[in-house]
Amino acid sequence: LNPNGDVHAFSYNIADHQAAEQYSGVLSSVDHSLPAIDDLDLIIYFYPKSKPEAMMMLDNIRAIATSKTRLLVVGHNKGGVTSVEKQLKPHAELFCKLDSAKHCVLYE
Numbered sequence: 037l038n039p040n041g042d043v044h045a046f047s048y049n050i051a052d053h054q055a056a057e058q059y060s061g062v063l064s065s066v067d068h069s070l071p072a073i074d075d076l077d078l079i080i081y082f083y084p085k086s087k088p089e090a091m092m093m094l095d096n097i098r099a100i101a102t103s104k105t106r107l108l109v110v111g112h113n114k115g116g117v118t119s120v121e122k123q124l125k126p127h128a129e130l131f132c133k134l135d136s137a138k139h140c141v142l143y144e
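Counted the way my numbering counts, the sequence shown spans residues 37 to 144.
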């Protein structure tokens, strides 16, 4: 990770936004779409249980990401995170499972 980088937190949920605002150095926003951020090098996305919400967020991510942006997707197995493989296959040059634990998976 870039030690000089900024941390941006985004949520559709006002409670998540308010919780993130409590941390110093975290720029938080709540909206229906992602804010434009220059030089975005890493996105960590926590996959929700709702597939329509996930598809909307993945569309938002694709709109602001560049070819240099690294996307990590983490989620609970029972929450449907494995669906992300099919959802991103048409849009990603390289997409693979990095790690899996007892109940969750990490994709890149």
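Here a beta-carbon is modelled for each residue, glycine too, at the ideal position from N, C-alpha and C.
Return the first residue and the last residue of the beta strand (DSSP E) that Asp42 is part of. Counting from one through the sequence shown, the residue named residue 42 turns up at place 6. No beta strand (DSSP E) holds Asp42; DSSP gives it neither H nor E.
Ignore the nearest five residues each way along the sequence and tell me which others in Lys125's own chain have a CB closer than 8 Å to its CB. Taking the first residue of the sequence shown as 1, we reach residue 125 at position 89. Result list for Lys125: Phe131, in chain order.
Inter-residue spacing [alpha-carbon to alpha-carbon] between Asp52 and Tyr83: Numbered from its first residue, the sequence shown carries residue 52 at position 16. Numbered from its first residue, the sequence shown carries residue 83 at position 47. Straight-line Cα distance between these residues: approximately 14 Å.
On the DSSP bridge assignment, give the partners of Phe82 in chain order. The residue labelled residue 82 in the question sits at position 46 within the sequence shown. According to DSSP, which records beta bridges pairwise, Phe82 is partnered with Val110.
Whose CA, out of Gln58, Ser64 and His112, lies closest to the CA of Val43? The residue you call residue 43 lines up with position 7 of the sequence shown. Here the closest residue by C-alpha is Ser64.
According to DSSP, Phe46 sits in a beta bridge with which residue or residues? Position 10 of the sequence shown holds residue 46. Answer is Ser65.
Going by CA-CA distance only, name the one from Asp77, Asp74, Val109 and Thr105 that's closest to Met91. To locate residue 91, count along the sequence shown from 1; it is residue 55. Among Asp77, Asp74, Val109 and Thr105, the Cα nearest to that of Met91 belongs to Val109.
Validate contact between the stretch 70–80 and the stretch 91–101 using beta carbons, cut 8 Å, 3 pairs: yes
With distances taken from CA atoms, which of Gln54, Gly61, Ala45 and Tyr48 is nearest Pro39? Against the sequence shown, residue 39 aligns to sequence position 3. It is Gly61.
Could you please give the first and the last residue of the uninterrupted alpha helix (DSSP H) stretch that includes Val141? As a first step, residue 141 is located in the sequence shown; it is residue number 105 there, counting from the start. Run containing Val141: none in the alpha helix (DSSP H); it sits in the beta strand (DSSP E), Cys140 to Tyr143.
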